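Reading through the structure tokens given below for one structure.
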Amino acid sequence: MKKFIAEFKEFISRGNVLDMAVGVLIGGAFSAIVTALCEKIITPLIEVIIGAIAGKSIDEMTSVLNVGPIEFGSFLSAVINFIIMAFIIFLIVKGFNKMSNLRKKEEEEEPTTKVCPFCCSEIDIKATRCPHCTSELKD
Ligand SMILES: [Zn+2]
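Residue numbers (the working numbering): 58 to 196.
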């Protein structure tokens, strides 16, 4: 079970899972903007224009076609929703990046190799004798 959790943690900490989630969320929020733009602004506008061409008033058209009036507020709220969500996602991604950077630094702080003082080649940190020049290493 512990291994399972560790595997899951590794799966999440891979950046592409987060990227995918962000893509899905942004895509959903953006489609809400497009829907609001069509339903609240473009469709009523088309109805009004058609009504004007047909010589009918806006009130007549909206009652006949059962179309709501133009609602800039609804569209604006969809845009604001999108911006707020994008900002929250940005904060999450920022925090996540910071976390994974910290982890990387921790990994970097534990070196597994050292440099031989005699031949300057990289050797295992636990080595007591250099495999390249066979010098004995005291430390
Ligand atoms: Zn050496």
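Even for Gly, the Cβ is constructed at its ideal location relative to N, Cα and C.
Just so it is clear, the structure is predicted and the values come from calculations on it, not from any experiment.
Of the choices 130, 153, 139, whose alpha-carbon is the least far from that of residue 81? By 1-based counting over the sequence shown, the position of residue 81 is 24. That would be 139, whose Cα lies nearest to the Cα of residue 81.
Give the straight-line distance between the Cα atoms of residue 184 and residue 190, rounded to the nearest whole angstrom. For the purposes of this step, residue 184 is taken as the residue at position 127 of the sequence shown. For the purposes of this step, residue 190 is taken as the residue at position 133 of the sequence shown. Residue 184 and residue 190: Cα-Cα distance of roughly 12 Å.
How close, in whole Å, do the beta carbons of residue 146 and residue 90 come, if the pair is a contact with beta carbons under 8 Å? The residue you call residue 146 lines up with position 89 of the sequence shown. The residue you call residue 90 lines up with position 33 of the sequence shown. Not a contact, Cβ separation roughly 15 Å.
Below 7 Å, is the gap between the Cβ of residue 200 and the nearest heavy atom of ligand 1? Look at the range of the chain in this structure, 58 to 196, and you will see that residue 200 is not part of it.
Please report the residue range of the beta strand (DSSP E) in which residue 180 lies. Stepping through the sequence shown from its first residue, residue 180 is reached at position 123. Per DSSP, residue 180 belongs to the beta strand (DSSP E) from 179-181.
Let me check understanding here. Comparing Cα to Cα, which of 193, 73, 62, 166 lies closest to residue 153? The residue labelled residue 153 in the question sits at position 96 within the sequence shown. Selected option, being the one with the closest Cα: 73.
Along the chain, where does the alpha helix (DSSP H) containing residue 97 start, and where does it finish? Counting from one through the sequence shown, the residue named residue 97 turns up at place 40. Neither: residue 97 is in no alpha helix (DSSP H) and is coded neither H nor E.
Does chain D have any CB closer than 8 Å to the CB of residue 178? Any reference to chain D falls outside this structure, which holds one protein chain only.
Any heavy atom of ligand 1 closer than 7 Å to the beta-carbon of residue 68? As a working mapping, residue 68 is identified with position 11 in the sequence shown. Every heavy atom of ligand 1 is 7 Å or more from the Cβ of residue 68, so no.
What residues match up with residue 170 in a beta bridge as DSSP calls it? The residue labelled residue 170 in the question sits at position 113 within the sequence shown. Beta-bridge pairing links residue 170 to 181.
Limits of the unbroken alpha helix (DSSP H) element including residue 62: By 1-based counting over the sequence shown, the position of residue 62 is 5. Its alpha helix (DSSP H) spans residues 59-70.
Using the DSSP secondary-structure output, state which residues sit across from residue 186 in a beta bridge. Taking the sequence shown and counting its residues from 1, the one referred to as residue 186 is at position 129. Answer is 193, bridged to residue 186.
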